[in-house]
Amino acid sequence: MSEGLHHLVHRRKGFLDRTLGEISHVVDRSFSAELSAAQGGLLQGVDARVKLAGAALLILTAAATPSHALVAGIGAVAVGLALASRLRLGELTTLWTGVLLFSGVIALPALFLTPGEPWWRVPILGWTVTTTGFRTATLLLARVLTTSTLGSVLVSTTPWHALLRAMRAFRLPVVAVVLIGMTYRYIFLFIQTTLDMLEGRQSRLAGELPAAQRRGMAVATVGVLMSKAFELSGDVHLAMQARGYRGEVHVLDEAPLRPLDWLMISALTVLCAGVLWR
Amino acid sequence: MHIPDGYLSPSTCAVAYASAAPFWYVAMRKVKRRLHSRFLPLIAVFSAFSFVIMMFNLPLPGGTTGHATGVGLAAVVLGPWAGMLAISVALVIQAVFFGDGGITAIGANCFNIAIVGSLVASLVYRLVAGTSPTGSSRRLLGAGLAGYAGINAAALLTAIEFGLQPLLFHDATGTPLYAPYALGIAVPAMMIGHLTFAGFAEFFVSAGVASYLQRTDPGLLAREAPGAERGKPDSLKKLWAALAILMLLTPLGLLAVGTAWGEWAPEDFSKADTRREIAAVTHGQAPAAAPAGLARLSTVWTAPIPDYAPPILKNAAFGYVLSAMAGTGLIILVTLMLSALPSRTRDV
Chain B
1 MSEGLHHLVH RRKGFLDRTL GEISHVVDRS FSAELSAAQG GLLQGVDARV KLAGAALLIL
61 TAAATPSHAL VAGIGAVAVG LALASRLRLG ELTTLWTGVL LFSGVIALPA LFLTPGEPWW
121 RVPILGWTVT TTGFRTATLL LARVLTTSTL GSVLVSTTPW HALLRAMRAF RLPVVAVVLI
181 GMTYRYIFLF IQTTLDMLEG RQSRLAGELP AAQRRGMAVA TVGVLMSKAF ELSGDVHLAM
241 QARGYRGEVH VLDEAPLRPL DWLMISALTV LCAGVLWR
Chain X
279 MHIPDGYLSP STCAVAYASA APFWYVAMRK VKRRLHSRFL PLIAVFSAFS FVIMMFNLPL
339 PGGTTGHATG VGLAAVVLGP WAGMLAISVA LVIQAVFFGD GGITAIGANC FNIAIVGSLV
399 ASLVYRLVAG TSPTGSSRRL LGAGLAGYAG INAAALLTAI EFGLQPLLFH DATGTPLYAP
459 YALGIAVPAM MIGHLTFAGF AEFFVSAGVA SYLQRTDPGL LAREAPGAER GKPDSLKKLW
519 AALAILMLLT PLGLLAVGTA WGEWAPEDFS KADTRREIAA VTHGQAPAAA PAGLARLSTV
579 WTAPIPDYAP PILKNAAFGY VLSAMAGTGL IILVTLMLSA LPSRTRDV
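Structure, rendered in structure tokens:
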């Protein structure tokens with residue numbers, strides 16, 4: 001996160017603070033993913049198509065199996081791959097904390113609300129945790145932790161343009177892939193534009209605005225952003241036409257897979273098949 | 279509301295992808311035909327815009343803040359088809375690149391928020407805004423309600439998907455394998471937050487930005503308001519035709535046997551055949567007589583046309599059609615009376 005952004009985030013609380021916090025979080029994650037994708041680790045050397053297929057296979061397997069142990073095993077594979085790819089454990093723990101906070105709030109009541117045999121009574125409160133409640137809550141948390149780790153490992157070891165190219169290998173329409181790629185680029189342009197607008201406005205504020213004016217400021221910012229979006233789409237369209245674009249999308253062919261890629265996808269396929277057909 | 283991986287079973291996710299696919303296909307064809315070479319830049323830029331405004335924390339009355347999805351705005355400015363594509367792309371990027379929403383749940387999230395949300399928002403916007411001028415306060419109300427209805431329709435669908443999981447997917451001991459709460463918990467838990475905070479956030483963003491555009495860039499609001507210039511939208515004829523067909527089809531209800539669940543009249547509890555029906559659907563727990571409260575309250579109001587069968591008619595099918603016409607006429611009358619209320623028009 002840039003110095004200016006840090007300064008903005010810590011200067012004022014409320015709408016601006018929270019919005020800037022969200023934006024900085026997105027920028028942070030993206031920068032961090034791009035940096036780790038450029039490092040030399042196990043998965044960084046694997047073809048993006050293999051990583052995408054492997055992550056999808058493992059996520060599907062973790063979602064399909066009803067066994068705690070197998071979900072935990074897939075989670076351990078994900079952590080192992082992350083460490084072999086030189087991803088920082090700190091990043092993973094930040095991810096897990098967020099996941100546990102969000103999904104924990106959802107899973108916690110299931111301990112008491114799911115009908116089943118009493119398993120443990122909470123002292124003082126007297127609430128009863130049921131065996132089925134405990135199993136369903138822990139299975140949900142294990143699944144969410146495992147799948148979010150796999151998603152994070154995929155994005156953190158694959159440059160975004162390689163990930164987009166990989167999507168084409170799975171018969172995703174070219175137009176959809178180009179659309180996602182263009183959108184990804186413009187997201188960062190709009191983030192910068194939003195930061196400029198909010199910073200410009202904040203630098204002119206001497207005190208805290210009343211709630212109604214803060215709401216007005218928020219919708220005006222969104223409105224300006226929308227007007228800019230339409231202007232920009234017109235400019236981009238003209239620029240594309242100037243370069244010969246006539247509504248048809250063409251992309252370069254993919255390079256063939258290497259032996260390491262075949263080895264990796266074969267190993268993951270065998271692992272997932274073994275889990276599902278055990 | 280973005281469903282992460284692990285909350286829905288793989289088969290639910292597959293059904294969601296299959297449900298979303300035809301909408302994506304039709305939307306892609308419709309929007310490409312309309313925009314041709316402008317399709318890519320417009321949808322890409324608007325998707326990026328949608329992504330960024332999902333990060334905005336809007337101050338709400340009561341001192342809290344809420345997020346908006348932009349589903350109402352997309353429907354108002356782009357229309358339902360382009361809107362559902364733009365929001366879908368934003369959701370895919372959130373899931374794949376930023377881990378917000380699951381990869382297996384992309385189909386479900388897109389179906390709930392981008393597709394159903396956009397269609398409901400667009401329908402509400404067209405119904406409320408009608409052919410009013412782009413600068414009218416009725417369009418603001420339409421935009422706000424579009425956002426509110428769109429996000430709540432998406433939330434309801436999400437809650438239903440969650441609520442179906444423990445019913446459909448559990449192991450031999452009854453342990454739910456995915457989202458653990460049944461419909462009775464999932465629906466209120468999801469809807470309370472969306473009918474209040476999230477719904478209001480969407481309402482304020484949609485109406486607020488529409489108001490801002492009325493003052494600064496009214497052309498953007500005119501894109502999806504064809505009736506505002508000419509006075510009557512083309513689609514109204516189709517709506518009338520569809521309404522007429524639906525009215526003619528109302529006697530189809532006569533084909534159904536028995537009484538609808540929970541619509542029993544006090545006298546049904548004393549009829550042998552209806553008692554058998556009630557017992558069959560309540561695990562044999564049909565009360566011996568009509569509950570006292572039901573018996574007392576059922577006499578408070580007597581409908582002029584009970585059971586859609588006007589007493590003057592002997593033909594039940596014709597009675598249904600006549601009831602449909604009378605009901606529709608009453609609704610149109612009330613709507614016209616409300617429309618006749620003075621509306622404040624802004625100078626644009």
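So the protein lines, in turn, are chains B and X.
Position 204 of the first sequence, counting from 1, maps to 204 under the working numbering, and the rest follow consecutively.
Position 99 of the second sequence, counting from 1, maps to 377 under the working numbering, and the rest follow consecutively.
Where a beta carbon is used, it is the ideal one built from N, C-alpha and C, also for glycine.
As the structure is a prediction and not an experimental result, all values here were calculated from the model.
Which residues of chain X have a Cβ atom closer than 9 angstroms to the Cβ of A137 of chain B, listed in chain order? The count along the first sequence starts at 1 and reaches residue 137 of chain B at position 137. By Cβ distance, chain X contributes P458.
Contacting positions in the stretch 208 to 229 of chain B - beta carbon closer than 7 angstroms to chain X: A211, R214, R215, A218, V219, A220, V222, G223, L225, M226, S227 and A229
What does the alpha-carbon distance come out to for the pair H280 of chain X and G379 of chain X? Counted from its first residue, the second sequence places residue 280 of chain X at position 2. Counted from its first residue, the second sequence places residue 379 of chain X at position 101. About 5 angstroms.
Applying a beta-carbon distance threshold of less than 7 angstroms, which residues of chain X neighbour P66 of chain B? As a first step, residue 66 of chain B must be located in the first sequence, where it is residue number 66. Correct list: D449 and L455.
Hey, how far is the Cα of W160 of chain B from the Cα of L179 of chain B? The residue labelled residue 160 of chain B in the question sits at position 160 within the first sequence. The residue labelled residue 179 of chain B in the question sits at position 179 within the first sequence. Approximately 13 angstroms between the Cα atoms of the pair.
Whole angstroms is fine: what's the gap from F376 of chain X's alpha carbon to T347 of chain X's? The sequence position of residue 376 of chain X within the second sequence is 98, counting from 1. The sequence position of residue 347 of chain X within the second sequence is 69, counting from 1. The alpha-carbon atoms of F376 of chain X and T347 of chain X are separated by roughly 16 angstroms.
Beta-carbon neighbours of M333 of chain X, restricted to chain B and to distances below 7 angstroms: Position 55 of the second sequence holds residue 333 of chain X. The contacting residues are T19, E22, I23 and V26.
Please determine, among B:A220, B:S148, B:H237 and B:A76, the residue with the shortest C-alpha to C-alpha distance to A485 of chain X. On the second sequence, residue 485 of chain X is found 207 positions in, with the first residue counted as 1. The shortest C-alpha separation from A485 of chain X is found at B:A220.
Quick one: complete alpha helix (DSSP H) runs, 4+ long, within the stretch 471 to 496 of chain X? 477 to 494
Classify K510 of chain X as helix, strand or coil using the three-state DSSP reduction. The residue you call residue 510 of chain X lines up with position 232 of the second sequence. Low per-residue confidence applies at K510 of chain X: pLDDT is 47, beneath 50, and the placement is therefore not dependable enough to give any value.
Work out the CA separation of A48 of chain B and L271 of chain B for me, nearest whole Å. Taking the first sequence and counting its residues from 1, the one referred to as residue 271 of chain B is at position 271. Taking the first sequence and counting its residues from 1, the one referred to as residue 48 of chain B is at position 48. Going from the Cα of L271 of chain B to the Cα of A48 of chain B covers about 19 angstroms.
Excluding five sequence neighbours on each side, which residues of the same chain lie with their C-beta closer than 6 angstroms to the C-beta of R86 of chain B? The residue you call residue 86 of chain B lines up with position 86 of the first sequence. Correct list, in chain order: Q39 and G41.
Among X:S414, X:G395, X:T474 and X:L418, which residue has its Cα nearest to the Cα of T658 of chain X? This structure gives no information on residue 658 of chain X, because the portion of chain X shown stretches from 279 to 626.
Cβ-based neighbour list, T132 of chain B, same chain, cut-off 8 angstroms, excluding 5 preceding and 5 following: As a working mapping, residue 132 of chain B is identified with position 132 in the first sequence. These residues qualify, in order along the chain: T114, P115, G116 and E117.
Could you tell me whether the Cβ of L491 of chain X comes closer than 8 angstroms to any Cβ of chain B? Here the question's residue 491 of chain X lines up with position 213 in the second sequence. Answer yes: the Cβ-Cβ gap between L491 of chain X and chain B drops below 8 angstroms somewhere.
Output needed for S366 of chain X: all residues of its chain with C-beta closer than 6 angstroms, excluding positions within five of it in sequence on either side, in chain order. As a working note, residue 366 of chain X is residue 88 in the second sequence. Excluding residues within five positions, the ones whose Cβ falls inside 6 angstroms are C388 and A392.
Comparing the C-beta of P282 of chain X with each C-beta of chain B, is any distance below 8 angstroms? By 1-based counting over the second sequence, the position of residue 282 of chain X is 4. Yes - at least one Cβ of chain B is within 8 angstroms of the one on P282 of chain X.
Alpha carbon to alpha carbon, how far is V174 of chain B from G244 of chain B? For this step, residue 174 of chain B is matched to residue 174 along the first sequence. For this step, residue 244 of chain B is matched to residue 244 along the first sequence. Their backbone Cα atoms lie some 18 angstroms apart in a straight line.
Contact list for P584 of chain X against chain B, beta-carbon separation under 9 angstroms: For the purposes of this step, residue 584 of chain X is taken as the residue at position 306 of the second sequence. By Cβ distance, chain B contributes nothing, its closest Cβ being about 41 angstroms from P584 of chain X, past 9 angstroms.
Kindly list, in the order they appear in chain X, the residues whose Cβ is closer than 7 angstroms to that of I180 of chain B. As a first step, residue 180 of chain B is located in the first sequence; it is residue number 180 there, counting from the start. Neighbours of I180 of chain B on chain X, chain order: V367, V370 and I371.
Exposed or buried, D261 of chain B, counting other C-beta atoms within 10 Å across all chains shown (16 or more means buried)? Taking the first sequence and counting its residues from 1, one reaches residue 261 of chain B at position 261. Under this definition D261 of chain B is a buried residue.
Using a Cβ-Cβ distance cut-off of 8 angstroms, determine whether P319 of chain X contacts chain B. The residue you call residue 319 of chain X lines up with position 41 of the second sequence. It does: the Cβ of P319 of chain X has a partner Cβ on chain B nearer than 8 angstroms.
Limits of the alpha helix (DSSP H) - the one that V394 of chain X falls within: Working through the second sequence from its first residue, we reach residue 394 of chain X at position 116. Looking at the DSSP string, V394 of chain X is not in any alpha helix (DSSP H), and its letter there is neither H nor E.
Using a C-beta cutoff of 8 angstroms, does H237 of chain B count as contacting chain X? Residue numbering aside, residue 237 of chain B sits at position 237 when the first sequence is read from its first letter. Judged by the 8 angstroms Cβ criterion, H237 of chain B is in contact with chain X.
So, is the C-beta of S325 of chain X closer than 8 angstroms to a C-beta in chain B? For the purposes of this step, residue 325 of chain X is taken as the residue at position 47 of the second sequence. For S325 of chain X, the answer is yes, since a Cβ of chain B falls inside 8 angstroms of its Cβ.
Option nearest S489 of chain X by Cα separation, candidates X:T290, X:V304, X:D449 and X:V354: Position 211 of the second sequence, counted from the first residue, corresponds to residue 489 of chain X. The shortest Cα separation from S489 of chain X among X:T290, X:V304, X:D449 and X:V354 belongs to X:V354.
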